[in-house]
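For the sequence shown, our numbering assigns the number 217 to the last residue and increments by one with no breaks.
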Amino acid sequence: MRDLLGGVARFQQKAFPRLRSRFEQLARGQQPDALFITCSDSRVDPTLITNCRPGELFVISNAGNIVGSHDQADLGVAATIEYAVKELEVSQIIVCGHSRCGAMGGLLDPQATSSLPRVSEWVATAKEALVDATSNIPNDRLAQLIQANVRLQLRNLMTFPEVAEAVEARRLVLKGWVYDFVTGSVEVLSTDTNKFAPPTSHQG
Ligand SMILES: [Zn+2]
Numbered sequence: 014m015r016d017l018l019g020g021v022a023r024f025q026q027k028a029f030p031r032l033r034s035r036f037e038q039l040a041r042g043q044q045p046d047a048l049f050i051t052c053s054d055s056r057v058d059p060t061l062i063t064n065c066r067p068g069e070l071f072v073i074s075n076a077g078n079i080v081g082s083h084d085q086a087d088l089g090v091a092a093t094i095e096y097a098v099k100e101l102e103v104s105q106i107i108v109c110g111h112s113r114c115g116a117m118g119g120l121l122d123p124q125a126t127s128s129l130p131r132v133s134e135w136v137a138t139a140k141e142a143l144v145d146a147t148s149n150i151p152n153d154r155l156a157q158l159i160q161a162n163v164r165l166q167l168r169n170l171m172t173f174p175e176v177a178e179a180v181e182a183r184r185l186v187l188k189g190w191v192y193d194f195v196t197g198s199v200e201v202l203s204t205d206t207n208k209f210a211p212p213t214s215h216q217g
């Protein structure tokens, strides 16, 4: 078993002294710019891939970066969105799917999660995304599903009254990303084409 407390001791010795003043400043309150909704997958590290510092990202992680619609959302997800939008007033919400997502693999192949009833039930809440996963090639089908799930969760976010209101008032922008942990690249959903492509400089 990995010695995580040993890791904490090394953090306290090495990283924390460099961050001490940052955390002292953050003790007065947090003002994260973004709510980042991504998968619990250990290969996806929101702070690392966005080059953010502590205090800059408010994060929801769950299996498959699933939001659900407002009337059916998980209470923890709904509460965290409500807090991020109404209290922290984040200016952007990013739904970030990722390559080789096991949760999306489970949605594509229910046999793979047949011994995991709660996982099956959870990923099935995103089954609407399956209609866009049409390729005959399994890897391509999974990639299509990962993208379709990001689009679906962005639509689900708009069913939250506080999100829709802030978007309409132009206080909030919703963004869809897919991160490939093998290459470190991110593809961004274009609102014009509804397709994913490498980011252009003006997308921020
Ligand atoms: Zn995943």
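Note that CB positions come from ideal geometry on N, CA and C, so glycine has one too.
(request) Have a look at serine 148 and leucine 170 and give me their C-alpha separation to the nearest angstrom. (result) Against the sequence shown, residue 148 aligns to sequence position 135. Against the sequence shown, residue 170 aligns to sequence position 157. The straight-line gap from Cα to Cα measures roughly 27 Å.
(request) Check whether the region 127-144 touches the region 41-57, taking contact to mean three or more Cβ pairs, one atom from each stretch, closer than 8 Å. (result) no
(request) State yes or no: is the C-beta of cysteine 114 nearer than 7 Å to some heavy atom of ligand 1? (result) Here residue 114 corresponds to residue number 101 of the sequence shown, with the count starting at 1. Yes, Cβ of cysteine 114 sits closer than 7 Å to a heavy atom of ligand 1.
(message) Using DSSP's beta-bridge definition, name the partner residues of asparagine 75.
(response) As a working note, residue 75 is residue 62 in the sequence shown. Answer by DSSP bridge pairing, in chain order: Cys52.
(message) For ligand 1, I want to know if aspartate 54 counts as a neighbour, meaning its beta carbon is within less than 7 Å of at least one of the ligand's heavy atoms.
(response) The residue labelled residue 54 in the question sits at position 41 within the sequence shown. Answer for aspartate 54: yes, Cβ within range of ligand 1.
(message) Nearest by alpha-carbon distance to serine 55: which of Cys114, Glu200 and Ala177 is it?
(response) Counted from its first residue, the sequence shown places residue 55 at position 42. The shortest C-alpha separation from serine 55 is found at Cys114.
(message) Is it buried or exposed, valine 195, if we count other Cβ atoms within 10 angstroms and call 16 or more buried?
(response) Taking the first residue of the sequence shown as 1, we reach residue 195 at position 182. So valine 195 ends up on the exposed side.
(request) Check glutamine 160 in the structure and name its three-state DSSP category. (result) Residue numbering aside, residue 160 sits at position 147 when the sequence shown is read from its first letter. In the structure shown, glutamine 160 sits in a helix (DSSP, three-state: H, G or I).
(request) Find out if the Cβ-Cβ distance for the pair lysine 77, alanine 116 is shorter than 8 Å. (result) One-based indexing of the sequence shown puts residue 77 at position 64. One-based indexing of the sequence shown puts residue 116 at position 103. For the record, residue 77 in the displayed sequence is glycine; it is not lysine. Taking 8 Å as the Cβ cut-off, glycine 77 and alanine 116 qualify as a contacting pair.
(message) Please identify the residue among Asn64, Val90, Thr93 and Gln105 whose C-alpha is closest to the C-alpha of valine 186.
(response) Taking the first residue of the sequence shown as position 1, residue 186 is located at position 173. The option with the nearest alpha carbon to valine 186 is Gln105.
(message) Residues in the same chain with beta-carbon distance under 7 Å from alanine 125, minus the five sequence neighbours each way, listed in chain order, please.
(response) The residue labelled residue 125 in the question sits at position 112 within the sequence shown. If we look at alanine 125 and ignore the five residues flanking it on each side, its Cβ neighbours are Gly118 and Gly119.
(message) Please state whether the Cβ-Cβ distance between glutamine 166 and valine 108 is less than 8 Å.
(response) As a position in the sequence shown, residue 166 is number 153, starting the count at 1. As a position in the sequence shown, residue 108 is number 95, starting the count at 1. In this structure, valine 108 lies closer than 8 Å to glutamine 166 by Cβ.
(request) Could you round the C-beta distance between tryptophan 190 and valine 180 to whole angstroms and report it? I think they count as a contact, below 8 Å. (result) The residue labelled residue 190 in the question sits at position 177 within the sequence shown. The residue labelled residue 180 in the question sits at position 167 within the sequence shown. Going by Cβ atoms, the distance from tryptophan 190 to valine 180 rounds to 17 Å, so no, they are not a contact pair.
(request) Report the rounded CA-to-CA distance for valine 144 versus valine 132, giving the unit in angstroms. (result) On the sequence shown, residue 144 is found 131 positions in, with the first residue counted as 1. On the sequence shown, residue 132 is found 119 positions in, with the first residue counted as 1. C-alpha separation (whole angstroms): 20 Å.
(request) To the nearest angstrom, report how far apart glutamate 100 and phenylalanine 173 are at their CA atoms. (result) Counted from its first residue, the sequence shown places residue 100 at position 87. Counted from its first residue, the sequence shown places residue 173 at position 160. Those two C-alpha atoms are separated by around 15 Å.
(message) Given a cut-off of 8 Å on the beta-carbon distance, is the pair glutamate 95 and glutamate 175 in contact?
(response) Residue mapping note: residue 95 aligns to position 82 of the sequence shown, counting from 1. Residue mapping note: residue 175 aligns to position 162 of the sequence shown, counting from 1. For glutamate 95 and glutamate 175, yes; Cβs fall inside 8 Å.
(request) Look at alanine 142 and leucine 155 and say whether their C-beta atoms are less than 8 Å apart. (result) Residue numbering aside, residue 142 sits at position 129 when the sequence shown is read from its first letter. Residue numbering aside, residue 155 sits at position 142 when the sequence shown is read from its first letter. The answer is no: Cβ separation not under 8 Å.
(request) Leaving out five residues on either side along the sequence, give the residues of the same chain with a beta carbon under 8 Å from the beta carbon of alanine 210. (result) To locate residue 210, count along the sequence shown from 1; it is residue 197. Counting only Cβ-Cβ distances below 8 Å, and skipping sequence neighbours, we find Glu200, Val201 and Ser203.
(request) Run the proximity test for glycine 77: is its beta-carbon closer than 7 Å to any non-hydrogen atom belonging to ligand 1? (result) For the purposes of this step, residue 77 is taken as the residue at position 64 of the sequence shown. Answer for glycine 77: yes, Cβ within range of ligand 1.
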